[in-house]
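Novice:
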């Protein structure tokens, strides 16, 4: 988040900050999927979506991201955080944890999600949830 905050002013200069990572990165579970890993993936992805797209004070969003390990399914989806941190960096660079909105700030957008393909009552999908976000 600190790196992203440091890069936030680059938005006003038209600089694109691109991050790559996963909202699910547990290779053992990925190659040996089960209903419980799909449920954890769905739940963690839903938490991420709600957190990143919430219309709230930047400090609230920042606090939630800093405590991501407490989110539903978080540690099953990410036994280690290195593949999740790029999402946090790009989110911070996009201004969602900022105290003050930039003149060019806009709401984050969900641009891709497989959550719609996963039943909320039971997991019918044969893959883990994947999402893509745009922070302007």
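In UniProt numbering, the protein residues as written are 1 to 136. C-beta: ideal position from N, C-alpha, C; glycine also.
I'd like to check one pair, residue 7 with residue 93: are the Cβ atoms closer than 7 angstroms?
Specialist: Yes.
Novice: Hey, how far is the Cα of residue 22 from the Cα of residue 135?
Specialist: Distance between the alpha carbons of residue 22 and residue 135: 16 angstroms.
Novice: For the 8 angstroms Cβ check, are there 3 or more pairs between the stretch 32-39 and the stretch 52-68?
Specialist: Judged by Cβ distances under 8 angstroms, the stretch 32-39 makes no contact with the stretch 52-68, as fewer than three pairs qualify.
Novice: Mind checking which residues open and close the alpha helix (DSSP H) that includes residue 90?
Specialist: It spans 85-93 - the alpha helix (DSSP H) in which residue 90 sits, taken as one unbroken run.
Novice: According to DSSP, simplified to helix, strand and coil, what is residue 16?
Specialist: Coil, per DSSP.
Novice: Helix, strand or coil: how does DSSP classify residue 82 here?
Specialist: If DSSP states are grouped into helix, strand and coil, residue 82 belongs with coil.
Novice: If you draw a straight line from the alpha carbon of residue 56 to that of residue 3, how long is it in whole angstroms?
Specialist: Roughly 21 angstroms between the two C-alpha positions.
Novice: Less than 7 angstroms between the C-beta atoms of residue 97 and residue 1, yes or no?
Specialist: Going by C-beta atoms, residue 97 is nearer than 7 angstroms to residue 1.
Novice: Using a Cβ-Cβ cut-off of 6 angstroms (strictly less than) and excluding sequence neighbours within five positions of residue 78, which residues of its own chain qualify?
Specialist: Counting only Cβ-Cβ distances below 6 angstroms, and skipping sequence neighbours, we find 25, 84.
Novice: What did DSSP end up calling residue 1 once you bin it into helix, strand or coil?
Specialist: Residue state, collapsed to three classes: coil.
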